[in-house]
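*Asks:*
Residue numbers (our numbering): 3 to 581.
#1: Over the uninterrupted alpha helix (DSSP H) stretch that includes residue 214, give me the two end residues.
#2: Mapping DSSP to helix, strand and coil, what is residue 382?
#3: Could you tell me if residue 319 is buried or exposed, where buried requires 16 or more neighbouring beta carbons within 10 angstroms of its beta carbon?
#4: Classify residue 57 as helix, strand or coil using the three-state DSSP reduction.
#5: Tell me the residue span of the beta strand (DSSP E) that contains residue 185.
#6: Going by DSSP, what residue range makes up the beta strand (DSSP E) through residue 422?
#7: Counting Cβ pairs, one atom from each stretch, are 3 or more of them under 8 Å apart for the region 225-239 and the region 198-216?
#8: Within the chosen definition, does the region 231-243 reach the region 106-120 through at least 3 CB pairs nearer than 8 Å?
#9: Which two residues bound the contiguous beta strand (DSSP E) that contains residue 242?
#10: What did DSSP end up calling residue 50 once you bin it into helix, strand or coil?
#11: Using the rule of at least 16 other Cβ atoms within 10 Å of the residue's Cβ for burial, across every protein chain shown, is residue 113 buried or exposed?
#12: Over what stretch of residues does the beta strand (DSSP E) that includes residue 304 continue unbroken?
#13: Less than 8 Å between the beta carbons of residue 165 and residue 146, yes or no?
#14: Using a Cβ-Cβ cutoff of less than 8 Å, which residues in the same chain neighbour residue 309 once the five nearest sequence positions on both sides are dropped?
#15: Closer than 6 Å by C-beta to residue 299: which residues in its own chain qualify, once you throw out the five before and the five after it? Chain order, please.
#16: Measuring straight from C-alpha to C-alpha, what distance separates residue 44 and residue 276?
#17: What separation, rounded to the nearest whole angstrom, lies between the Cα atoms of residue 171 and residue 379?
#18: Would you mind sorting residue 137 into buried or exposed? The rule is 16 or more other CB atoms within 10 Å of its CB.
#19: Near residue 1, which residues of its chain fall below 8 Å by C-beta distance, leaving aside the five closest residues on each side in sequence?
#20: Report the residue from 425, 191, 162 whose alpha carbon sits nearest the alpha carbon of residue 156.
#21: Put residue 198 into one of helix, strand or coil per three-state DSSP.
#22: Are residue 221 and residue 194 close, meaning C-beta to C-beta below 8 Å?
#23: What's the call for residue 99, buried or exposed, on a 16-neighbour Cβ count within 10 Å?
#24: Buried or exposed: where does residue 363 fall if 16 or more other Cβ atoms within 10 Å of its Cβ makes it buried?
#25: Between residue 427 and residue 197, what straight-line distance do the alpha-carbon atoms span, to the nearest angstrom?
#26: Would residue 425 and residue 350 be called neighbours here (beta carbons separated by less than 8 Å)?
#27: Relative to the alpha-carbon of residue 203, which residue among 90, 215, 219, 184 has its alpha-carbon at the smallest distance?
#28: In three-state terms, what does DSSP make of residue 347?
#29: Can you tell me which of the three DSSP states residue 107 falls into?
#30: Near residue 302, which residues of its chain fall below 6 Å by C-beta distance, leaving aside the five closest residues on each side in sequence?
#31: Secondary structure at residue 257, three-state DSSP: helix, strand or coil?
#32: Given a threshold of 16 other Cβ atoms within 10 Å of its Cβ, counted over all protein chains shown, does residue 419 qualify as buried or as exposed?
#33: Please state whether the Cβ-Cβ distance between residue 410 and residue 365 is less than 8 Å.
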C-alpha cells in the first residue's frame, strides 16, 4: 500500500531529474543572441563578416537573405529595391527601407541583459524598441547615436548630406559628440553633415508611405503575438510565435495540451517540407524554413504525432503543470521546457540519425527527447533532410524492419552543402536634395541659415539661396559599380507585402561619410534612468527637448543616475569599426 502511494512521487522525481540532469536533444542554447530576419520583400542581402565600412569592403562575401535567417553579431543587412524586418528576442523590431544598410555591430549579453548596438551605414530605418530591465539598445547613424532605455519607436535617416532622428513614440536619448539630448514623443533632431550650426529641433512630420508600412507591421505583430502567447502559458515574449496565429490553428489534443498545425494541410503532412540548410557560425547546421510561420516550430519546443489529432502537430515550449489523474498518474506528460526568461533555442527541432550505410536522416524532435538517446518519434518515420516541398511520400526514408539507426548529437559537417546564394554587394546611395520644392516648411531659422523640411524626401536641408527655392523636383542619386542583377525571385516566397519600385541611375561614387563608432553601453544592468534631464541649455527651433553635456544628471528621474558614457571616439576616415 505504501509503495502505491509513493509511486506518483517517484514518477515526479524521475521527471524532474530528466529535466534538470539531461540536456535536450539539440539544445543548442548558449550565450549567443537569437535574432531573426522576420520579413523580406524584394531584394535583400547580407554579409556575415566585413571589415571597416561594409560598403567599401571588397573582400566581403554577400549572399541573398531569406526570411527566417538567424542574424548574428557582425552581420550586415542591406536592401536594394526591397525592405526588411528584423525581430529580436524581447520583441524589439527593426525596419529597413529601400537602399538601406544596417550593421549588427554588437549583439551580446551582460548579466542577463541584451546589449544591442547597431550602425545605420546609409538609408532610413525605423525601430520599435521593447526592452526589459538590464537591456541596452542604440543605433548609430551619420551624426547621431540614438539610445532607447524604455519602450519607444523612432526613425533614423542617414543621408550623404545630413542626418535626422524622429521620435514617434516614447522617449529616446540622442548623443552627438559630447552632447546628450532627450527627445520626447513627436520631436525630431536634424543636422547637415559637417555643419554644427545647422543642428536643430523640429516636429515629426506626417507619415510617409514607409512610416505607414512600419506602423501596420508593428500593429500586426503585436496583435498576433498577444493572441498566440495564451497557448504557451508563458509571460515572456517569444519571437516568431505571432506568425502561428496568422498561418495556422490551435487545438487541444487530449493529454498533450495545445498543439498547432498550419492551415490547409492534410493528415499526410509532415514538417521540414520547405526550406534550406545553412551553416550558422554559432549553432552549426540550421534549418531555415521558407514558410512565413517557420521560425518558432523549427527552433523552439518539439513535434508530436497522433493520428487522432490529425497526424503531425507542433508542441510549443509550454510551462507544463502536473495534475493528478487516475491512480495519481499525472495527466500532463511533460516537465517544463522553458529556460527563463526565454524558451530554449535549437538550430533545428529535429534529431539526426544515421544508418549502417551512412545514410543520414532526421526525426522530428519529441519534447521529451534526450540528447544522444533514441528519438521517441522514430517509429513515426525518418525524413530525408534534403527533401523539398514534395509531399508525395518519398520524404519518408525506407527503413527495413529491425534496421538500426544511430542517434547523432549533431549533423555531420559534410551532411549538407550551404544553400545560401552568393550575390553582388550593395551599392552606395547618395540622397541629396539639390533644390528645395514648394512643399516644404521652415522648422528653425536664424540670421545665417534656414532648416527646411521636405516631406517628400522625409528629411531636413539647409537652404539659404532664395533663388533656388522655386518649385523643382527632388532627385535621388544612386551610385553603383557595374554589376549583374541577381536572378528574379521566381517562386515569390519573399514577396509578402508590396514595395514601391525604386529608380536608380549610375553616377560617380561619392566619398563615404565619416562614421563615429557606437559608444559603449551606458548601463550595466538593472532599472533604467532617464538621461538628458532639464538642467542643460535648450536648443532653439520649436523644440522642447533638452540638451546637456555628457556629465549632466538625469533630471526628474526616480532612479539612480548611471555613470555617463565616455566620449565617442574621434571620427575615423574609414567609417568602420574601432581598431
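We put the CB at the ideal spot given by N, CA and C, even for glycine.
*Replies:* Straight from the coordinates:
#1: 211-231
#2: helix
#3: buried
#4: helix
#5: 181-185
#6: Run containing residue 422: none; DSSP gives neither H nor E here.
#7: no
#8: no
#9: Residue 242 -> no beta strand (DSSP E), and no H or E assigned at all.
#10: coil
#11: exposed
#12: 304-308
#13: yes
#14: 269
#15: 316
#16: 20 Å
#17: 48 Å
#18: buried
#19: Since the first and last residues shown for the chain are 3 and 581, residue 1 lies out of range.
#20: 191
#21: helix
#22: no
#23: buried
#24: buried
#25: 31 Å
#26: no
#27: 184
#28: coil
#29: strand
#30: 319, 345
#31: helix
#32: exposed
#33: no
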